[in-house]
Structures are given as structure tokens and as C-alpha cells.
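For the record, the sequence lines run as chains P and B.
Heads up, the first sequence is in the numbering used here, so the first residue is 1 and it goes up one at a time.
Heads up, the second sequence is in the numbering used here, so the first residue is 1001 and it goes up one at a time.
Cβ coordinates follow ideal geometry from the N, Cα and C atoms, glycine included.
Only a predicted model underlies this, so the values are computations on that prediction, with no experimental measurement involved.
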Amino acid sequence: SQQGEEDPQALSIQEGENATMNCSYKTSINNLQWYRQNSGRGLVHLILIRSNEREKHSGRLRVTLDTSKKSSSLLITASRAADTASYFCATVLSGTYKYIFGTGTRLKVLA
Amino acid sequence: EAEVAQSPRYKITEKSQAVAFWCDPISGHATLYWYRQILGQGPELLVQFQDESVVDDSQLPKDRFSAERLKGVDSTLKIQPAELGDSAMYLCASSLELAGSLNEQFFGPGTRLTVL
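Pasting the structure below:
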């Protein structure tokens, strides 16, 4: 079973615009990670945020985590055509060693 | 840059046949994961190894799937017999330590399995 759900399922934007996708999960977590998957390079780790952190930045990526709402968001600023991919959140449940991936958001950036 | 290697990249088989996938993790990575990804969904963990020991195989269909990592390095995932519903991408990943630690997973390119 998949504990994370990304929203929206699909997103289409123009190059240069910002893209925001959300992840909701069900139980307490140790940390939350975002991954990108495209046909050319497989799954690639983007960013990790710990359960005691609220916001984290990496280049054009900004991740927030709200443990009270059990949700996270990924913001990609100034999007590029190369950002076209599926984005997944992955959670590690507290007290376990198991990664659980969400259902993914398919992002399409139009040039 | 070190990468996770998987083979074959593509496999077509008939139902009831046996198939095997191989994975070589990044050198020094203690933890190895096998995932199954159905088209349009996120990866689902099948089995997780710490060195040569199984940490989690709760989602592995043990009547037909088996996995081993005998020397704590490379790993093999086997399906016997294959069923139509096994058609999916099988992904291998590795990480320095267990998932509870603050480390990322590195994924291989995957094996696309088609069962006819």
C-alpha cells in the first residue's frame, strides 16, 4: 500500500512559471524525501527534509513540511523544459526502515 | 560517478516461465532495495537488505518471488512462475545505511518486464 498521495496528479505549465506539488501522508514519519523520475535517467533523489524541519531549499527547489497536517509541498521556481518528469514523495515511517512512495505528480513544462 | 547497475534492461517472457534480475549496488552501500513499479504508480518496496540480511520483505509475494544477496554485495530477484500481473518495472536501489538514517537512495535504470 502507498501512504503518500501527491496532488495534483498531473500539472502542465509554461517555461519560467513556478510549479507546486503537494504530498500528504498518513502516519508519523522520520523524514520525507522528494524524487524525480524521467524516462532518460530513472529515479533521482532531489531533497530530504527531516521531521523536525519546516522548510528547506536546494537551488530552484523549496520544500516545506507540516507534520501537524501530515503534508509536504515541493516548489520548483522558474521551471524549465528539462523539469518535465514525474515527482514522488517518499516517507520513512517512524520506527521503521521502510520507504513508502506516493502516487506521483506528472509535471509537463511547455517551452 | 558511481551508479547502480541492473540487468537486463528489458525482459519479455511467457507466463509460467522463470525470470531473474540482477543488481550491483554502489560500492560500499550496505543497504539494497528491490522495488516494483506499475505504470502510472509510485515504486512499491518488495524487499530490503542490510548487508546480506533481509530487513523487510513484507510485500514480497513469497510463493513466487525470491531474493538473495549472498555476499552482501550484488543481488538477484527471481520470479517463478511469472504471471501476467507481474508485468512492471523492477527497480533496484542502494543507500549507505538503513532508511531510518538520513540518507538518500540511489536507483538503477530498472528492468522492464513484460509477461505474455
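- For Met-1089(B), the CB contacts under 6 Å within the same chain, skipping 5 residues up- and downstream, are Gln-1037, Gly-1110, Arg-1112 in chain order.
- In the three-state reduction of the DSSP assignment, Leu-1060(B) falls in the coil class.
- Judged by their CB atoms, Arg-1069(B) and Leu-1032(B) are nearer to each other than the 9 Å cut-off.
- If you draw a straight line from the Cα of Thr-20(P) to the Cα of Ser-73(P), it is about 7 Å long.
- Shown here for Gln-1048(B): same chain residues with a beta carbon closer than 6 Å to its own, the five before and five after excluded, namely Tyr-1033, Val-1055, Asp-1056 in chain order.
- About 13 Å separates the Cβ atoms of Glu-5(P) and Tyr-87(P), ruling out a contact at the 8 Å cut-off.
- The residue among Lys-69(P), Ala-10(P), Glu-53(P) with its C-alpha nearest the C-alpha of Arg-62(P) is Glu-53(P).
- By the neighbour-count criterion, in which 16 or more other beta carbons inside 10 Å mark a residue as buried, Arg-36(P) falls on the buried side.
- Here DSSP, grouped into helix, strand and coil, assigns Leu-32(P) to strand.
- By the beta-carbon neighbour count (other beta carbons within 10 angstroms, threshold 16), Asp-1051(B) is exposed.
- Neighbours of Asn-31(P) in chain B, taken as residues whose beta carbon is under 8 Å from its own, are Leu-1102 in chain order.
- If you draw a straight line from the Cα of Ile-29(P) to the Cα of Leu-43(P), it is about 21 Å long.
- Below the 7 Å Cβ cutoff, chain B contributes no neighbours of Gly-59(P), its closest Cβ being approximately 16 Å away.
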